[in-house]
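Accompanying notes for the structure given below.
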Amino acid sequence: MEAGEILVIDLFAGPGGLGEGISSCTTENGIKPFDIGVSVEKEPSAHKTLTTRAFFRKIADNPVAKNDYYEYVRGRLTRDELFSMYEEQSQAALNETLHQPRALGEDNKLIHERIQELVVGHQGPKIVIGGPPCQAYSLAGRSRNAGIKNYKAEDDHRHFLYKEYLKVISIAQPEVFVM
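The opening position of the sequence shown corresponds to residue 42 in our numbering, with each subsequent residue numbered one higher.
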């Protein structure tokens, strides 16, 4: 197995916890086979964290850059200053997270085109990870929504976001998906 051999498509990524976990997996030979090609998140603060962590993964093998990252964490550098010091890696992180918050169901053209580009250019296995928000149909969500006057599940767009996940599976044709 080679480094980055498995393409990862991360949907409803939040701040990137599932992607962090999967990208940190190593083989017994120390190879990291998973490469996150794209992460999709719509919430701005989660997207900022997602992009910052994508950047960290790009510089993690560079001790000087890693130290600069920790200077940012300590508040001694701004994120913009850090990113300007490592333009290639910051651009790669921004590309991975589609430059700004994006929402499946709203930004499908851009998201689907990016996924198609990745899939066409990739020869190895693919995996789709991430779970659609469950507020509309989880027990807690349904209980909360029951208290909202005139609430109708069929009018709640979140109730149908799983279909966006299925569209991506159709485009990517992954060997595995984790939902």
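Virtual Cβ for every residue (Gly too), placed ideally from N, Cα, C. None of these values were measured; they are calculated from a predicted model.
Through-space distance from residue j to residue i, alpha-carbon basis
i: residue 125; j: residue 190; result: 49 Å
i: residue 201; j: residue 173; result: 9 Å
i: residue 165; j: residue 73; result: 14 Å
i: residue 121; j: residue 113; result: 10 Å
i: residue 169; j: residue 103; result: 28 Å
i: residue 153; j: residue 139; result: 11 Å
i: residue 85; j: residue 67; result: 30 Å
i: residue 13; j: residue 220; result: This structure cannot settle anything about residue 13, because the visible part of the chain is limited to 42 through 220.
i: residue 117; j: residue 63; result: 30 Å
For residue i, the residue or residues it bridges with in DSSP
i: residue 51; result: 80 and 170
i: residue 11; result: Any answer about residue 11 is impossible in this case: the structure gives the chain only from 42 up to 220.
Check whether residue i and residue j have beta carbons under 9 Å apart
i: residue 208; j: residue 49; result: no
i: residue 94; j: residue 71; result: no
i: residue 132; j: residue 88; result: no
i: residue 54; j: residue 99; result: no
i: residue 92; j: residue 137; result: yes
Min CB distance residue i to chain C below 9 Å
i: residue 81; result: You won't find chain C in this structure, because it holds only one protein chain.
Check: How about the stretch 69-84 and the stretch 155-166: do they share at least three Cβ pairs that are nearer than 8 Å?
Finding: Cβ pair count under 8 Å is three or more, so yes.
Checklist line | Validate contact between the stretch 134-154 and the stretch 109-118 using beta carbons, cut 8 Å, 3 pairs | finding: Fewer than three pairs of CB atoms, one per stretch, sit closer than 8 Å, so the stretch 134-154 makes no contact with the stretch 109-118.
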